[in-house]
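Down below is the structure, laid out as structure tokens.
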Amino acid sequence: MTRAFDFDKPRRQGRGAWVLMFLKLLRTLIKHLFPVLVVTIFRKMSWSRTLLVLAIFVGALLLIAFVLSLIRYRKLRFCVREGFLLISDHIWGRRETSIPLEKIHNIRTRSGFFYQLVEMESLQFDTLGESKAEVELLLSMEESAALRALIASATATGETTAMPTATTSDSGMASEAQSTEATQDFHYSMGQLLAGAFTQNPLRVFLVIGSVIALLYQNLDNYLIKYHEAILHKTETFVSGTSVLTLATLLFWAYLICLLLYGGKIVLQQYGLTVRLDERGLAYRAGLLTVVRQQIRHDRILFLTIKQNPIERRLGLSSVQFEQARQVAGNEKKRDASITLYGWRETDILLRWWSGDSPASLSRECDVRSLPALARRNILVSVLPVCGALMLIGYLWSPYFYAFAAVWAIIGTMQSVLIYKHSGVSIDKDYLVVHGGAFARKRSVLPLVQMEQVELSAGFFQRRRGTANLRFSTKGQALEIKYLPRNAAGTIRNVILHEIEKNRTADQ
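All residue numbers in the sequence shown are consecutive under the numbering used here, ending with 677.
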């Protein structure tokens, strides 16, 4: 059974939109008025008077949220007409928003727990003109799928005239899915999600443990003043009765718990992960409690980064990140500014989809690598100052910091050498490949047509040694390669500038 939706005429949001708007507005009011609620509860009043004031307060919040959400639901209208997404809002004043369909950078949907209860989702459109979502519409699953299919087909074909009525089936799959273009679908099982989660850099777990310890120490002075003797007694008892094995066991369990929590976070965010790749772009769906969908055109992705740490290389996995413009914030936390896939196996297929060539054409056969001066610079700037500070603390306070200085020197030197070994850049036809990373190897593939600016710089010592730095800027983001041979860096810069000028002439 197929249901038609006429988006050419102004229409309201979905039927359940008012309920969701009411809940969102109520949450916002409670968030801003929560201090007033706390003061009201803890004032010196009788229980009966406190309950009465609390009931009046809650009733007022419910009434305000009810009225405002109902007005907004009835006054907001939208339509798609002559190549524009038109939004009309008449709440306090008249506001009309017009977004050209070809300027829509990203189409995202979010469906949280309450959204799924009423079978609706939040549909958001991002452009590069704002740092947050330009428009958010609350629609049913079927209506959202039909509107997404209509906008995706219009942006793909570059239509600017009135578009036909969109249809969608009861399963929520739009007519876009009936395209004859070759598509590749990838579905993640729970095992793949767990493998991708637990193969991430395990050292970040120690950062979590260190953050907790630092948070405790920030408030430690208050406890020392009040419980000085009790703390000293407990500390002496614990240290005298605790072996090194016990401390190692406690650290192991803390590490394991943090690792499990981190893996659980990734699984919650990417449960049921499905990725579709076709000639037009990428379609992404993931989430357990909150289902997130995104549709990104191929030419809206600024660059593709593939990372492999030692564990991932051992298991044949990769972490893939699709970078968009920083102006596309998605939400307040900017989590949707880029899409990251953990545990990806089909790297060759992904590179072929992105570049249109075989992975062999993106190899490092004709690249330019950084010079050993990069390793020396990192050691002088990053490693030696920290080692000196740790040794000074060890001399003034405790000799244990000498061991920390030695560990830092070993790890920092290894990291500096690996950064130099993995750093490089190469150009292959229409793409720029930037290599980097230390313990984890990275390669970012940037289309030359997305390049906004290229900068060649060299400091005083670099000019004497014939080296230079290259900085590549796209829409709000940049990648930099340091200590390249100056002649090779100049050649790469000239090629990119020629490509930018050629694209500018073609646009005119």
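Idealized CB from N, CA, C, for every residue including glycine.
Remember, it's a predicted structure, so these values are computed and weren't measured experimentally.
Hey, residue i and residue j are a contact pair by Cβ (cut 8 Å); roughly how many whole angstroms apart?
i	j	result
Met620	Ile665	6 Å
Ala321	Ile276	7 Å
Arg466	Arg449	6 Å
Ala366	Ile435	4 Å
Ala574	Leu587	Not a contact, Cβ separation roughly 20 Å.
Phe191	Ala234	5 Å
Trp522	Leu430	That pair is no contact at about 34 Å.
Ser539	Leu653	6 Å
Arg243	Pro179	No, Arg243 and Pro179 are not in contact; Cβ-Cβ is about 13 Å, not under 8 Å.
Gln438	Gly456	6 Å
If we cut at 8 Å on Cβ distances, does residue i have a partner in chain D?
i	result
Val576	This model lacks chain D altogether; it includes just one protein chain.
Would you list the residues sitting across from residue i in a DSSP beta bridge?
i	result
Phe641	Val623, Leu648
Arg684	The first residue shown for the chain is 170 and the last is 677, placing residue 684 beyond what the model contains.
Ile465	Leu451
Asn275	Asp295
Ser551	None; Ser551 has no bridge partner.
Arg180	Phe247
Asp354	Arg445
Glu305	Gln293
Lys611	Lys476, Gly605
Trp513	Ser487
Ile268	Leu254
Val460	Ser280
Asp599	DSSP lists no partner for Asp599.
Compute the Euclidean distance between the alpha carbons of residue i and residue j, then round it to the nearest angstrom.
i	j	result
Leu561	Ser567	10 Å
Val623	Leu639	7 Å
Arg264	Arg181	15 Å
Gln369	Ile669	37 Å
Leu553	Tyr589	17 Å
Leu414	Ile273	58 Å
Ser524	Arg483	26 Å
Pro204	His356	46 Å
Asp517	Leu425	33 Å
Ser238	Gly433	35 Å
Ala186	Glu311	14 Å
Ala658	Phe283	54 Å
Asp339	Arg612	Because the pLDDT at Asp339 is just 41, under 50, the model does not fix this residue reliably, and the value given afterwards should be weighed accordingly. Approximately 42 Å between the Cα atoms of the pair.
Leu617	Asp599	6 Å
Ala417	Leu648	40 Å
Leu559	Thr278	49 Å
Gln353	Phe630	50 Å
Val207	Arg241	29 Å
Val236	Ser257	19 Å
Arg317	Leu286	21 Å
Leu270	Val460	24 Å
Leu194	Tyr564	58 Å
Glu492	Arg655	29 Å
Ala675	Phe294	28 Å
Lys502	Ile508	Unreliable placement is indicated for Lys502, whose pLDDT of 41 sits below 50; the coordinate value is still reported in the next sentence. Cα to Cα, Lys502 sits roughly 14 Å from Ile508.
Ala627	Ser642	17 Å
Leu520	Leu362	21 Å
Leu139	Thr197	Nothing can be reported for residue 139, as the shown portion of the chain is limited to 170 through 677.
Starting from the C-beta of residue i, find all residues in its chain whose C-beta is less than 6 Å away, skip the five residues before and the five after it, and write them out in chain order.
i	result
Leu189	Leu307
Val555	Trp577
Leu615	Phe472, Leu601
Lys651	Leu543, Asn638
Ile580	none
Ser585	Ala544, Asn547, Ile548
Arg462	Thr278, Arg454
Val489	Ile475, Leu510, Trp513
His259	Lys244
Leu442	Tyr357, Ala455
Could you give the first and the last residue of the continuous alpha helix (DSSP H) run that contains residue i?
i	result
Lys244	216-244
Val576	569-591
Ser524	516-524
Leu254	Element bounds for Leu254: not the alpha helix (DSSP H) but the beta strand (DSSP E), 253-258.
Gly365	359-367
Leu540	Here Leu540 belongs to no alpha helix (DSSP H), and DSSP marks it neither H nor E.
Tyr284	282-286
Gln493	Segment: none, Gln493 is in no alpha helix (DSSP H) and carries neither H nor E.
Looking at the secondary structure, which residues open and close the beta strand (DSSP E) in which residue i lies?
i	result
Ile470	That residue, Ile470, is in no beta strand (DSSP E); it is neither H nor E in DSSP.
Excluding the 5 residues flanking residue i on each side, which residues of the same chain have their C-beta closer than 7 Å to its C-beta?
i	result
Arg514	Gly485, Leu486
Thr296	Ile268, Lys272, Ile273, His274, Glu303
Thr582	Ile548, Val552
Apart from the five residues just before and just after residue i, which ones in its own chain have a Cβ nearer than 8 Å to its Cβ?
i	result
Asp536	Gly593, Val594, Ser595, Val602, His604
Glu288	Gly185, Ser309, Met310
Pro479	Phe608, Ala609
Ile199	Leu206, Leu230
Ala364	Leu484, Leu486, Gly512
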